[in-house]
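Residue numbers (our numbering): 26 to 314. Heads up, the thing below is written out as structure tokens.
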């Protein structure tokens, strides 16, 4: 590991985030190791996307420190791949999948070009790299079709290819499983897990449903109204831990089918009126391994 990027992919030390006068979360200290896959979980309104924006350098911390790949977030941005929320294309979009992936070489994954990350500037053939990454995500058979003609799962594969085409060291995925059916959720999560392992890319994936991701994630970062906790799935997805960070009773059970059921009790639903928890949630997941 070079001296420029020692230690962790992401480090937060006593970090607090604020929007206006509202504290979103505070006193957060956590780290993500190089090559580690983390699931970022929690109900609506607790600041999961805010954490991604802090890592990207798009939102400064109110207090504390954040380092990304050993650097300040803005300095590390060219080494980070990002897939934002709700990028689903309807049938009217005629851009080919291969052209969408190519945009990742020009910084278009953030909506505006960022200089200095063109693949050609490193002497690598851009066309070859685009074909290589499309093959990596298993999208070669349909990459030349208009993106609007493809299924949600096929679109997500090509969007992931776009996010990793410039060889990032950290990949941030903001709810990439939304609108996908369960088999496609499992397939996309397995793809991201394989890319993380084979390419050595650290991953933070935001999701509401832990079921598709728990078998792939080595770490869980869980944000709720009483705080943030991180650790292995077995350490975090427990009745005691979730009760503590929700601030009301939460029960964790195994079902007869071997899945893990996380249930917010009725008194928890009433507590959601403060805006941190919009409604009681139920999440199913495979047992931590």
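Just so it is clear, CB atoms sit at the ideal spot from N, CA and C, and this is done for glycine as well.
Buried versus exposed, by CB contacts within 10 Å (16 or more), residue i
i           : result
residue 32  : exposed
residue 46  : exposed
residue 280 : exposed
residue 69  : exposed
residue 259 : exposed
residue 67  : buried
residue 289 : buried
residue 107 : buried
residue 152 : exposed
residue 136 : With a pLDDT of 45 at residue 136, under the threshold of 50, the modelled position of this residue cannot be trusted; read the value that follows with caution. It counts as exposed.
Distance between beta carbons of residue j and residue i, contact taken as under 8 angstroms
i           : j           : result
residue 25  : residue 201 : Outside the displayed range of the chain (26 to 314) lies residue 25, so it cannot be described from this structure.
residue 93  : residue 195 : 7 angstroms
residue 266 : residue 243 : Wrong, their Cβ atoms sit about 17 angstroms apart, outside the cutoff.
residue 189 : residue 63  : Not confirmed; about 17 angstroms, so no contact.
residue 249 : residue 71  : 6 angstroms
residue 199 : residue 231 : 5 angstroms
residue 186 : residue 158 : 5 angstroms
residue 60  : residue 255 : That belief does not hold up - the Cβ atoms of residue 60 and residue 255 are roughly 16 angstroms apart, past 8 angstroms.
residue 155 : residue 126 : 5 angstroms
residue 49  : residue 75  : 5 angstroms
Reference residue i; option with closest CA among the options
i           : options               : result
residue 98  : 275, 77 and 117       : 77
residue 276 : 263, 284 and 270      : 263
residue 112 : 256, 184 and 258      : 184
residue 116 : 176, 221 and 205      : 176
residue 222 : 270, 58, 43 and 278   : 58
residue 204 : 102, 280, 110 and 127 : 110
residue 101 : 156, 197, 219 and 163 : 197
residue 237 : 163, 41 and 206       : 206
residue 53  : 290, 210, 286 and 253 : 253
residue 213 : 259, 44, 51 and 164   : 164
residue 251 : 192, 272, 241 and 220 : 272
residue 179 : 162, 287, 239 and 75  : 162
residue 43  : 65, 191 and 79        : 79
residue 103 : 233, 128 and 192      : 192
residue 95  : 73, 56 and 65         : 56
residue 220 : 284, 50, 285 and 241  : 241
residue 261 : 65, 128 and 90        : 65
residue 284 : 239, 274, 268 and 269 : 239
Problem - Cβ contact (3+ pairs, closer than 8 angstroms) linking the segment 35-45 and the segment 81-88 - result: Below 8 angstroms, enough C-beta pairs join the segment 35-45 and the segment 81-88 to call them touching: three or more.
Exercise for the section: Run through the segment 39-112 for me and flag every whole alpha helix (DSSP H) of 4 or more residues, listed as ranges in chain order. Expected result: The qualifying runs are 73-81 and 98-101.
Practice task
Give a yes or no on contact between the segment 106-124 and the segment 159-168, applying the rule of three or more CB pairs nearer than 8 angstroms.
Solution key: The answer is yes - the segment 159-168 touches the segment 106-124, with three or more Cβ pairs under 8 angstroms.
Exercise for the section: Mind listing, in chain order, the continuous beta strand (DSSP E) runs of no fewer than 3 residues lying wholly within the segment 206-255? Expected result: The beta strand (DSSP E) runs of length 3 or more contained entirely in the segment 206-255 are, from start to end of the chain, 227-231 and 244-249.
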